[in-house]
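A.B. asks:
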Amino acid sequence: MASITIRNLDVSIKEKLRLRAAAHGRSMEEEVRLILGELGNAIPMATPAMSTTIRASGSLSGRRILLIIGAGIAAYKCLDLIRRLRERGAQVRPVLTKAAEEFVTPLAVGALAADKVFTELFSREDEHDVGHIRLSREADLIVVAPATADLMAKMASGLANDLASAILLATDKRVLIAPAMNPRMWNHPATRRNRAMLQKDGIRFVGPNKGEMAESGESGDGRMAEPLEIVAAIEGLLARRQKPLAGKTIVMTSGPTHEPIDPVRYIANRSSGKQGHAIAAALARLGATVRLVSGPVTIPDPEDVTVIHVSTAREMRDAVEQLLPADAAIMVAAVADWRTANEAGEKIKKKPGEKAPALQMIENPDILAGVGHSKSRPRLVVGFAAETQDLLANAKRKLDKKAADWIVANDVSHATGVMGGDRNAVRIVTRLGVEEWPDMSKEEVAERLAAKIAAALQTVEV
Ligand code: CTP
């Protein structure tokens with residue numbers, strides 16, 4: 001929206017605006033926005049013939065968006081959002097929370113969306129076909145705007161005590177939220193926890209932006225993204241262009257595992273998770289649904305990837321088994337080969353005159369081999385071989401032993417700096433031969449490997 005300097009307005013108009021804003025308990029700037037929004041709605045968008053043409057060629061043509069409007073002064077921006085989405089050919093079905101009705105009327109929302117506005121969880125009219133399930137089923141994407149702190153908290157903890165939260169709990173569709181709240185609420189530890197949880201659950205965020213709040217004198221993070229920014233995020237998610245891995249599910253492991261000795265000590269290795277996480281992100285960018293089982297790492301979760309955090313090899317194996325079947329399994333984790341046979345229940349104490357304790361070790365499950373030999377073996381199984389000597393011979397042995405299709409072999413001897421570093425030089429060992437890749441960044445390795453995986457999954461045989 002173009003910016004307006006209230007200072008430059010005619011004195012009498014400014015006075016009327018001040019009175020109107022005070023009567024509504026809003027700032028003058030918010031009042032102007034609201035007036036302009038109403039004006040925009042009153043102006044017909046296009047003649048029916050024109051709008052049909054726009055819709056047929058719109059970037060969101062035929063896409064069904066369920067728009068959940070939360071409470072808050074930013075709710076007025078949803079009127080513009082609906083208009084912009086419809087201009088692009090989307091079908092918008094609105095759901096208003098009870099509190100949102102204090103900010104926008106169902107009448108205005110329904111008129112703009114040209115659809116019924118849903119507000120009640122238990123409505124005789126809408127519930128005959130389990131309303132909230134149907135609403136989710138009939139959508140390509142669910143958008144929550146504004147997403148209040150309260151709605152985010154409900155989503156994070158799985159509450160379903162009104163129509164909006166019930167839809168969000170019952171849905172298996174992608175969900176995009178546009179948070180809007182006071183900066184102190186946005187930065188509150190509770191909201192931070194909820195944000196992290198929602199991100200982990202695969203919820204996409206657009207905004208919030210920095211800026212002035214409706215409350216005078218307040219500014220900071222918490223302003224809802226502008227309608228066009230939300231539209232762009234929606235277009236990004238619903239773009240018609242087919243990505244090469246769209247519809248494919250890929251299970252991954254990454255990072256080290258920690259094997260406890262006692263409640264305070266564990267056995268670990270130097271894996272940072274950088275290479276595995278980069279591959280997960282690259283696969284997701286190509287449209288795959290990536291489920292990543294990660295050992296303890298300090299790097300952030302990769303974008304657009306569902307991450308399951310585990311600690312030990314056995315937890316990692318259990319998580320991977322639960323994620324099968326899948327189209328591909330890419331096992332990058334540096335799984336500890338052994339764990340202690342008897343994990344001590346209490347911290348092992350030094351005793352004067354006694355020798356250091358001898359740790360008895362037993363072998364951990366081989367997760368890659370388990371997947372390779374599994375009844376639900378994915379079409380493509382890729383393992384990594386971290387070696388310090390006899391790279392190719394060891395990689396070839398692993399290919400057979402673990403029933404993998406490819407082994408990505410890398411030299412992790414200390415001098416290479418691969419473990420924990422940002423670069424990698426790998427070789428792809430398959431039954432057909434060895435492909436040698438030059439030294440490149442872990443990001444580049446990830447991009448190239450993701451492209452190779454996409455090509456393999458597009459062919460019938462790998
Ligand atoms: N791997 C696994 N589970 C294990 C050990 C390894 O899934 N318990 C996987 C790794 O994720 C990797 C591949 O197997 O994809 C090879 O890992 P690596 O540590 O190089 O091989 P190991 O089988 O452990 O053999 P070794 O340590 O003797 O070289």
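Throughout the sequence shown, residue numbering follows UniProt numbering, covering 1 to 462 in sequence.
No residue lacks a Cβ here, since even glycine has one placed at the ideal position from N, Cα and C.
This structure is a prediction, so every number in the text was calculated from the model and none was measured.
With distances taken Cα to Cα, identify the nearest neighbour of I177 among A75, G62, H414.
C.D. replies: Locating residue 177 in the sequence shown gives position 177, where the first residue counts as 1. Among A75, G62, H414, the Cα nearest to that of I177 is on A75.
A.B. asks: On the three-state DSSP scale, how would you describe P189?
C.D. replies: Sequence index remark: in the sequence shown, residue 189 carries index 189 (1-based). P189: helix per DSSP, three-state reduction.
A.B. asks: Mapping DSSP to helix, strand and coil, what is residue 491?
C.D. replies: Only positions 1 to 462 of the chain appear in this structure, which leaves residue 491 out of reach.
A.B. asks: Decide yes or no for the touch test of the stretch 322 to 336 against the stretch 250 to 266: beta carbon pairs closer than 8 Å, at least 3 of them.
C.D. replies: Touching, yes.
A.B. asks: In whole angstroms, what separates the C-alpha of S57 from that of R86?
C.D. replies: Position 57 of the sequence shown, counted from the first residue, corresponds to residue 57. Position 86 of the sequence shown, counted from the first residue, corresponds to residue 86. Only weak support is given to the placement of S57: the predicted model assigns it a pLDDT of 45, under 50, and the question is left unresolved by the model.
A.B. asks: Would you mind working out which of I367, G345, S27 sits nearest R265, comparing C-alpha positions?
C.D. replies: Along the sequence shown, one-based indexing puts residue 265 at 265. Comparing Cα-Cα distances from R265 to each of I367, G345, S27, the minimum goes to G345.
A.B. asks: Could you give the DSSP three-state label for S136: helix, strand or coil?
C.D. replies: For this step, residue 136 is matched to residue 136 along the sequence shown. Here S136 sits in helix by DSSP.
A.B. asks: Quick one: residues in its chain with C-beta nearer than 7 Å to the C-beta of S376, no 5 flanking neighbours on either side, listed in chain order?
C.D. replies: Taking the sequence shown and counting its residues from 1, one reaches residue 376 at position 376. Contacts found: L324, P325.
A.B. asks: Whole angstroms are fine: how far does the CA of G370 sit from the CA of G131?
C.D. replies: Your numbering for residue 131 matches position 131 in the sequence shown. Your numbering for residue 370 matches position 370 in the sequence shown. If you take the alpha carbons of G131 and G370, they lie about 43 Å apart.
A.B. asks: Do the stretch 196 to 206 and the stretch 150 to 158 touch if we need at least three Cβ pairs shorter than 8 Å?
C.D. replies: Yes: the two stretches touch, three or more of their Cβ pairs being nearer than 8 Å.
A.B. asks: Run through DSSP, which three-state label would R421 get?
C.D. replies: By one-based count along the sequence shown, residue 421 stands at place 421. Note that residue 421 is Gly in the sequence shown, not Arg. Here G421 sits in coil by DSSP.
A.B. asks: Any heavy atom of ligand 1 closer than 8 Å to the CB of residue 464?
C.D. replies: Shown here, the chain extends from 1 to 462; a query on residue 464 therefore has no answer.
A.B. asks: Does the Cβ-Cβ distance between K77 and P146 come in under 9 Å?
C.D. replies: On the sequence shown, position 77 is the one that residue 77 refers to. On the sequence shown, position 146 is the one that residue 146 refers to. Cβ distance < 9 Å, so K77 and P146 count as in contact.
A.B. asks: Considering R84, what are the terminal residues of the alpha helix (DSSP H) in which it resides?
C.D. replies: In the sequence shown, the residue the question calls residue 84 occupies position 84. 77 to 87 is the span of the alpha helix (DSSP H), which, as asked, contains R84.
A.B. asks: Identify every residue that forms a DSSP beta bridge with H309.
C.D. replies: Here residue 309 refers to the residue found at position 309 when the sequence shown is read from its first residue. Paired residue(s): S294.
A.B. asks: With a threshold of 8 Å (Cβ to nearest heavy atom), would E387 be considered close to ligand 1?
C.D. replies: Translated into the one-based positions of the sequence shown, residue 387 becomes position 387. Yes, the beta carbon of E387 sits closer than 8 Å to at least one heavy atom of ligand 1.
A.B. asks: Report the residue ranges of all alpha helix (DSSP H) runs contained in full by the stretch 217 to 280; include only those spanning at least 4 residues, in chain order.
C.D. replies: As far as the stretch 217 to 280 is concerned, its whole alpha helix (DSSP H) runs of at least 4 residues are 227 to 238.
A.B. asks: Examine ligand 1 and report whether any of its heavy atoms sits within less than 8 Å of the Cβ of M331.
C.D. replies: In the sequence shown, residue 331 corresponds to position 331, counting from 1. Indeed, a heavy atom of ligand 1 lies less than 8 Å from the Cβ.
A.B. asks: Taking its Cβ as the centre, do 16 or more other Cβ atoms sit within 10 Å of E354, making it buried, or is it exposed?
C.D. replies: Here residue 354 refers to the residue found at position 354 of the sequence shown. Under this definition E354 is an exposed residue.
A.B. asks: Let me make sure I understand the geometry here. Which of T191, R314, L359, M181 has the alpha-carbon closest to that of G220?
C.D. replies: Counting from 1 along the sequence shown, the entry for residue 220 is found at position 220. Out of T191, R314, L359, M181, M181 has the C-alpha closest to the C-alpha of G220.
A.B. asks: I367: beta carbon under 8 Å from a heavy atom of ligand 1?
C.D. replies: As a working note, residue 367 is residue 367 in the sequence shown. I367 Cβ: within cutoff of ligand 1.
A.B. asks: Is the stretch 267 to 286 touching the stretch 437 to 455, taking contact as three or more C-beta pairs under 8 Å?
C.D. replies: Enough Cβ pairs lie closer than 8 Å, so yes.
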